[in-house]
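Asker: I am attaching a structure below and will ask some questions about it afterwards.
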Ligand code: 1CP
């Protein structure tokens, strides 16, 4: 019996979609908060293979999701390329900033990332032994544009202003940064696959802020390069691409990049996606994360509406973005029940 997630990603239309959630290992779970307290801070948890594997497994034990996603963060790669990285409690991640061509030139070569990232590969090896036979293991990285926005600004920004300004001021240096991240991402994800990741997801959380020419150059092109390189090295490896808030540009994204599945945020309707995106292959999504906080009849109705709208083709059920710390585990259980009984 092939794992449900792998069947959907291969293009199979299933009576019940595989289910997992972005940020399924996270602060809404008391067991996650306990393990994180034991690790000390967030980065220590990411770099501790036993504890990172433990928090990856927690939502699988509790809910029986069809997929586990490696516990790590998209900002570990910039750190492996030489950026300083730390987390400010209650605020979020902070990185040293890149402000000019000299900052790009000072980064480490892509091939130097593996020493720093070795604990991530070890987490994957532990998970391949400990996951239930029916649970697929997803490895991931940030897509180059999204990673670049953090490396330039040094933090999350509402409009990605600093990255857009860098791109406008020195497009050659900006492109060199995208290229360095792209090369490193291929090596990073290849090593994740060699360690046992069965599916890869690329998070382009800030793709929506790119204008149309930039979307082609910095969302589509690097994603296509990464997917082509991964599939050349690891034939058949399925890739989920998440160009968040791409809107109408979700149409054709899978064809343009070679992705096996496109993950939808909750700004597009499932009915629209069935007509315009699922015609190209598998789609993932897209329940609004707020339903995991509010629950009730609205949660059940929305989860079932999405499941039914996308039932005519390959579909992976997920949220439109990560589950938030305020969410209730009871609502997660209710969501799963609603999807499976739709
Ligand atoms: O306090 C905590 O415990 C930290 C919260 C947290 C968690 C649980 C962060 C900090 N990262 C993570 C784990 C994480 N991050 C995973 C693990 C697997 C899972 O989904 O369960 C993944 C896939 C990510 C990916 C990630 N990190 C993204 C892309 C997805 C998205 O949410 O858009 C981004 C943008 C980040 C950066 C990041 N890491 C953490 C925070 C709070 C942020 C966002 C910062 C910002 O933009 O201001």
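Residue numbers (UniProt numbering): 1 to 342.
A virtual CB, placed ideally from N, CA and C, is assigned to each residue, including glycine.
Note that the structure is a prediction, hence the values are computed from the model and not measured.
Do residue 70 and residue 350 have their beta-carbon atoms positioned less than 8 Å apart in this structure?
Answerer: No answer is possible for residue 350: it lies beyond the span of the chain, which begins at 1 and ends at 342.
Asker: Less than 6 Å between C-beta atoms, sequence neighbours within five positions excluded: which residues of the same chain meet that for residue 345?
Answerer: For residue 345 there is no data in the structure shown, the boundaries of the chain being 1 and 342.
Asker: Check whether the Cβ atoms of residue 203 and residue 249 sit closer than 8 Å, and answer yes or no.
Answerer: no
Asker: Is residue 62 a contact residue of the ligand 1CP, with contact defined as CB to any heavy atom under 7 Å?
Answerer: Answer for residue 62: no, Cβ out of range of the ligand 1CP.
Asker: Contact defined as beta carbons within less than 8 Å: I believe residue 21 pairs with residue 83. What is the distance between those atoms, to the nearest angstrom?
Answerer: At roughly 29 Å, the Cβ-Cβ gap does not stay under 8 Å, so residue 21 and residue 83 are not in contact.
Asker: Have a look at 313, 281 and 192 and flag the residue whose alpha-carbon is nearest the alpha-carbon of residue 252.
Answerer: 281
Asker: Among 96, 323, 218 and 166, which has the Cα closest to the Cα of residue 25?
Answerer: 323
Asker: Using a Cβ-Cβ cutoff of less than 6 Å, which residues in the same chain neighbour residue 195 once the five nearest sequence positions on both sides are dropped?
Answerer: 121, 124 and 125
Asker: Going by the CB atoms, is the gap between residue 334 and residue 293 shorter than 8 Å?
Answerer: no
Asker: Comparing alpha-carbon positions, which option in 270, 42 and 246 lies nearest residue 312?
Answerer: The shortest Cα separation from residue 312 among 270, 42 and 246 belongs to 270.
Asker: Report the CB separation of residue 201 from residue 140 in whole angstroms; it is logged as a contact under 8 Å.
Answerer: Between residue 140 and residue 201 the Cβ distance is about 4 Å, and since that is below 8 Å, they are a contact.
Asker: Quick check: what's the CA-CA separation for residue 85 versus residue 223?
Answerer: Taking the straight line joining both Cα atoms gives about 24 Å.
Asker: Out of 218, 97 and 302, which has the shortest C-alpha to C-alpha gap to residue 81?
Answerer: 97
Asker: Let me know the secondary structure DSSP gives residue 111 once reduced to three states.
Answerer: helix
Asker: Which residues in the same chain have their Cβ closer than 8 Å to the Cβ of residue 165, if we skip the five residues on either side of it in sequence?
Answerer: Nothing listed; no residue qualifies.
Asker: Whole angstroms is fine: what's the gap from residue 88's alpha carbon to residue 79's?
Answerer: 16 Å
Asker: I think residue 51 touches residue 43, with their Cβ atoms under 8 Å apart; what is that distance to the nearest whole Å?
Answerer: Not really, about 12 Å apart at Cβ, beyond 8 Å.
Asker: Going by beta carbon distance, what residues of the same chain come within less than 7 Å of residue 186, once the five residues before and after it are set aside?
Answerer: 226, 229 and 230
Asker: Can residue 29 and residue 49 be called in contact, C-beta distance under 8 Å?
Answerer: no
Asker: Leaving aside the five residues before and after residue 154 along the sequence, list all residues of the same chain whose C-beta is less than 7 Å from its C-beta, in chain order.
Answerer: 94, 95, 96 and 97
Asker: For residue 167, which residues in the same chain have their Cβ closer than 6 Å to its Cβ, ignoring the five residues on either side in sequence?
Answerer: If the five residues before and after residue 167 are omitted, its C-beta is found closer than 6 Å to the C-beta atoms of 174, all from its own chain and listed in chain order.
Asker: How about residue 273 and residue 243: do their beta carbons lie closer than 8 Å?
Answerer: no
Asker: What is the residue span of the beta strand (DSSP E) that residue 167 lies within?
Answerer: Run containing residue 167: none in the beta strand (DSSP E); it sits in the alpha helix (DSSP H), 161-169.
Asker: Would you call the CB atoms of residue 6 and residue 133 closer than 8 Å?
Answerer: Not in contact: residue 6 and residue 133 (Cβ atoms no closer than 8 Å).
Asker: Rounded to whole angstroms, what is the Cα-Cα separation between residue 128 and residue 169?
Answerer: 45 Å
Asker: Given this structure, state the Cα-to-Cα distance separating residue 176 from residue 104, to the nearest angstrom.
Answerer: Going from the Cα of residue 176 to the Cα of residue 104 covers about 7 Å.
Asker: Residues in the same chain with beta-carbon distance under 6 Å from residue 406, minus the five sequence neighbours each way, listed in chain order, please.
Answerer: It is not possible to answer for residue 406, since the shown part of the chain is limited to 1 through 342.
Asker: Under the assumption that residue 315 contacts residue 8 (Cβ atoms under 8 Å), give the Cβ distance between them as a whole number of angstroms.
Answerer: 6 Å
Asker: Expressed to the nearest angstrom, what Euclidean distance is found between the alpha-carbon atoms of residue 219 and residue 77?
Answerer: For residue 219 and residue 77, the distance between alpha carbons rounds to 18 Å.
Asker: Mind checking whether the beta-carbon of residue 200 lies closer than 7 Å to any heavy atom of the ligand 1CP?
Answerer: no
Asker: Assuming residue 319 is part of the alpha helix (DSSP H), what are its boundary residues?
Answerer: Counting along the chain, residue 319 falls outside any alpha helix (DSSP H), though it belongs to the beta strand (DSSP E) covering 315-319.
Asker: Compare the C-alpha of residue 158 against each of 130, 183, 260 and 205 and name the closest.
Answerer: 205
Asker: Look up residue 284 in the DSSP assignment and say whether it is helix, strand or coil.
Answerer: strand
Asker: With DSSP as the reference, please indicate the residues paired to residue 204 in a beta bridge.
Answerer: 243
Asker: With hydrogens ignored, establish whether the beta-carbon of residue 75 is closer than 7 Å to any heavy atom of the ligand 1CP.
Answerer: yes
Asker: I'd like to confirm something about residue 321: is its beta-carbon nearer than 7 Å to some heavy atom of the ligand 1CP, or not?
Answerer: yes
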